[in-house]
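What follows is a short report on a single structure.
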Amino acid sequence: MTAKINETSLWKEFFKAFFKHRLGVIGLVGVIAIIFVALFAPMIAEPVSGYGDVADILKPPSLKHPFGTDDMGLDIFSQVVWGTRTSLKVGFMTVIIAAMIGIPIGLFSGYFSGLISTLGMGLADIFLTLPVLPLMIIMAALMGPDIKNIALIIGLFSWPQLARITRASTLSVKNMEYVVATRSVGAKTSRILFRHILPNVSASILVNMTIVIATAILTEAGLSFLGLGDPLSYSWGKILENAHQSGAFLSAWWFSFFPSIAIMFFVISFNFLGMGIREGFNPKLRNR
Amino acid sequence: MKKIAFLVVLGLLVSLFATSGLVFAQEEAKFGGTLNIGITTDPDSLNPFISNDRIGSWILNNIYPTLLVMNQDSVKVPYVAEEIITSENGKKVTVKLKEGLTWQDGTPFTSADVKFTGELLYEKKLQWQADVFNEVESVETPDATTVVYNLKRSYPGFMGTFGFWQRIVPKHIFEDIENVREFANKEPIGMGPFKLVDFKRGQYYTLARVDEWFDSPAGKPYLEKIIFRIYPDVNTMVLALKRGEIDLTAKDIPFTAAQELKSNPNFTVKQTPSLGFVYIGFNYKNEFLKDDAVRQAIATAIDRKKIIMFALRGDGKLINTGISPVYGDVVNPEAKLPQYNPEQAAEILSNSGYEDTDGNGILNAPSGKDVVLELIYDGNDIYLKKTAQILVTNFQDVGLKLELVPLEKSTYSDLLFNQKKFDINLGGWGIIDEASDSMYTLYHSTASLNFMSLNSEKLDTYMEDARFASNQKIMQENLDEFQLEFIEEMPVVTLYVQQYNFAYSNDFAGFEIYPSDLKGLVDPQSLSQVYKK
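Protein chains in written order, with the numbering used here: chain A, 1 to 288; chain B, 1001 to 1533.
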């Protein structure tokens, strides 16, 4: 019973602090807006594919095409709206993959010392020192350009930072009295790790996950820009790549401007949200 | 008001002077001046035997001559050869050389050089064109300006291939070289309107004019010097052109740049068609594509005009048979690919038992399977990317599903040429000349480039008979039949012939444009006439 009360007041405190943090709130609103656009894309804009009208090639923004048209005569507004789905998909899939690998490795190598710790962190270090971009390019080329593959590839290279954060937090928590107490009662290691330690380190993990999502979008845009994106789905990076390849980067400013703004908005929103969450969870920062 | 009137008058005066200046400048072609030409990488080699890329051809063809060159109508005509005489049975080809030509070191140019070049080419298999010598029985040089090739059988593609592609080298220099393949040829002694005087890899190649050249109107080229300058990419090259660092681009420029330069009074933009074409090829090993109806339906479903509009922004020509319209006379006007007609395409499919039985929007073959096909192509090629995007819609409109598989170029080539693992490929041939020969190398059932696994007895016969026809007439008759049957068979759908854009500064005049990006404005026939205004 007491635990329950404690939990609610904890969340209350969190929200109180979170909503005091202006940037965090802006981030939250931004993220909600992004999710909204992604969910209701079919209601906001007609999906585009193939090619449009010859008369519509590279037309500047107008009432009919608020973001202008591209060199295939297609509406850029609709591409940006539908691109939100692609970006969110990539972001969430990446973070799930990264979390599934990074969090357990972080927990185990933080909780246990010795070989497991060395192995886990060694692996993370190796992944951190790898030349990520060339490797991603090779993998994307080998596995074929598909949104799922792209997310998988980015996820496979994003887990080390999550693992490190998890481990660092686990290290500071594992010797606290309540953990020692649980252990002395004879609880199973997995129960200690996932029921008792994980909830207590989740704050910093959560913050880091928002950063992983933001980075994933940038990476996806980068890969798409290099021509390794999914050829048939519209992502923001893909629009940028099309703009670049059309040779109309300078003359048709709207072609690259709007997807760039979308990427910026996405990255900033998630970063601000992360800052807000950290503010909310961190009692030291809270009492300023 | 007065001020405006004054400005208008001033403007009129200025433009008057400008135009009259142009007229005068065009009239007096004078000697002197340096022409700077933009390229994007070094030639693969300065060895005229080894070089096999466009850049090598741009530079080396101004230094080493070929027996034949292509004129502006894509017809091969004598260059350092005076005339080519083929005997009635087609088995004896006599080359008469121009008199009085000398190599750049003063040694006379003779039939021995031509004979030697062919022998060395064949013996060491230095280039792909060495293969045509398989049909040569013996070579004679009755006098200093005559070479006679005795062929095993009539082979109309022989001289067109050897004469056009093989740069002739001086025997007295190359006979002393032990390993021709390794020979760097840093101080080339050739025979052309220009000679190489200086170069620095990665930076520039400087050519100076010779004192006598038969193809120049004034007996020698007007230009003092030509400098090929290397830029890291096309966009930088175009910027350099605009800044006046270079006066001409040897490499073609993107259509956006072409459009911009067209409206700039300081530049002229010229267009020339590719000598190749872009196509989609069907793998006959695929269960759906081996059905004639599917191939015909696909050909009818493709909106080739839209592809040219979108992918090439209009800079393309329609191609109606297997042979490019660039070779006007060789094309059979009666052979025509089906017009874009999605309804008719759908009808062809439904008549052959293709129906969407499971209601998923994709037609089911008589076997019950969904007709899903994969399209492989080089994902870095912007034109192919856009073409692929349009194809997906075209396929979808008739109920076929096309999945795009953009690949890295080497993976694409491996899948296509080595593994032959693909459904449909989207690709292009850079240069297809000598139709009688090239159709055979592309589509004959035994040809190594026939990755479609096409095996048509009729087509095979036409190709064989055209390839070894004893005269032009028989060759053309077979090619005509071949083209008609090709449309019936539809092993590939030819999509378009790209038009290349080249730009030059109006400080210079006298340019002539020759077919394809292999020649463009830097063909020796063009550069030997260019002058600075």
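Beta carbons: idealized from backbone N, C-alpha and C, even for Gly.
Three-way DSSP call (helix, strand, coil) for residue i in this model
i	result
residue 1256/B	helix
residue 1371/B	coil
residue 250/A	coil
residue 51/A	coil
residue 1383/B	helix
residue 1021/B	Residue placement at residue 1021/B cannot be trusted, given a pLDDT of 43 that sits under 50; what the coordinates show is reported in the next sentence. Three-state DSSP puts residue 1021/B in a helix.
residue 229/A	coil
residue 1524/B	helix
residue 1498/B	strand
residue 1272/B	strand
residue 1211/B	coil
residue 1026/B	Note that residue 1026/B scores 49 on pLDDT, short of 50, meaning its location in the model is unreliable; the coordinates nonetheless yield the value given after this. In the structure shown, residue 1026/B sits in a helix (DSSP, three-state: H, G or I).
residue 1477/B	helix
residue 271/A	helix
residue 1205/B	strand
residue 1142/B	strand
residue 955/B	Any property of residue 955/B remains undetermined from this structure, which presents chain B solely from 1001 to 1533.
residue 282/A	coil
residue 1292/B	helix
residue 152/A	helix
residue 1486/B	helix
residue 1194/B	strand
residue 1108/B	strand
residue 1446/B	coil
residue 1514/B	strand
residue 1321/B	coil
Run of the alpha helix (DSSP H) containing residue i, from where it starts to where it stops
i	result
residue 1429/B	Counting along the chain, residue 1429/B falls outside any alpha helix (DSSP H), though it belongs to the beta strand (DSSP E) covering 1424–1429.
residue 1129/B	Segment: none, residue 1129/B is in no alpha helix (DSSP H) and carries neither H nor E.
residue 1463/B	1457–1467
residue 1439/B	1435–1443
residue 1115/B	1111–1124
residue 1336/B	Neither: residue 1336/B is in no alpha helix (DSSP H) and is coded neither H nor E.
residue 42/A	41–44
residue 64/A	Note, residue 64/A: premise wrong, no alpha helix (DSSP H); not H, not E.
residue 193/A	Segment: none, residue 193/A is in no alpha helix (DSSP H) and carries neither H nor E.
residue 183/A	177–185
residue 1054/B	1054–1060
residue 1181/B	Residue 1181/B -> no alpha helix (DSSP H), and no H or E assigned at all.
residue 117/A	115–129
Continuous beta strand (DSSP E) stretch holding residue i: start and end
i	result
residue 1346/B	Unbroken run through residue 1346/B is the alpha helix (DSSP H), 1342–1351; no beta strand (DSSP E).
residue 321/A	There is no way to answer for residue 321/A, as the model of chain A reaches only from 1 to 288.
Expected contact under 8 Å - CB spacing of residue i and residue j to nearest Å
i	j	result
residue 1432/B	residue 1316/B	Incorrect: roughly 16 Å between the Cβ atoms, too far for contact.
residue 1398/B	residue 1257/B	That belief does not hold up - the Cβ atoms of residue 1398/B and residue 1257/B are roughly 37 Å apart, past 8 Å.
residue 269/A	residue 216/A	14 Å between Cβ atoms; not a contact.
residue 1496/B	residue 1304/B	6 Å
residue 1062/B	residue 1162/B	Going by Cβ atoms, the distance from residue 1062/B to residue 1162/B rounds to 20 Å, so no, they are not a contact pair.
residue 245/A	residue 1382/B	4 Å
residue 1400/B	residue 1391/B	Their Cβ separation, rounded to whole angstroms, is 10 Å, which puts residue 1400/B and residue 1391/B out of contact at 8 Å.
Residue(s) in a DSSP beta bridge with residue i
i	result
residue 1039/B	1230/B
residue 1097/B	1081/B
residue 1377/B	1406/B
residue 1316/B	1498/B
residue 1280/B	1426/B and 1493/B
residue 1167/B	1066/B
residue 75/A	69/A
residue 1531/B	1509/B
Contact with chain E by residue i, beta-carbon distance below 8 Å
i	result
residue 1256/B	Protein chains in the displayed structure are A and B, and chain E is not among them.
Self-check item: Residues of the stretch 1361–1393 of chain B with Cβ closer than 8 Å to any Cβ of chain A, in chain order
Solution: The stretch 1361–1393 of chain B vs chain A, Cβ under 8 Å: 1379, 1380, 1382, 1385, 1386, 1388, 1389, 1390, 1392 and 1393.
Practice problem: Could you name the residues of the stretch 72–105 of chain A whose beta carbon sits closer than 8 Å to any beta carbon of chain B, in the order they occur along the chain? | Solution: Across the stretch 72–105 of chain A, CB contacts with chain B closer than 8 Å involve 72 and 73, in sequence order along the chain.
Self-check item: Residues, ordered as in the chain, of the stretch 1212–1238 of chain B that lie near chain A by beta-carbon distance below 7 Å
Solution: none
Practice problem: Determine which residues of the stretch 1297–1310 of chain B have a Cβ less than 8 Å from any Cβ of chain A, and write them out in chain order. | Solution: Cβ contacts with chain A come from 1306, 1309 and 1310.
Quiz prompt | the stretch 40–60 of chain A: positions lying closer than 8 Å to chain B by Cβ | solution = 49, 50, 51, 54 and 57
Quiz item: Of the residues that make up the stretch 230–254 of chain A, which ones have a beta carbon closer than 8 Å to any beta carbon in chain B?
Solution: 231, 232, 245, 246, 247, 248 and 251
Quiz item: Looking at chain B, which residues of the stretch 141–154 of chain A have a Cβ within less than 9 Å of any of its Cβ atoms?
Solution: 141, 142, 144 and 145
Self-check item: Cβ-based contacts, 9 Å cut-off: residues of the stretch 1402–1422 of chain B near chain A
Solution: 1403, 1404, 1405, 1406, 1407, 1408 and 1411
Quiz prompt | chain B contacts made by the stretch 14–30 of chain A, where a contact means CB separation under 7 Å | solution = none
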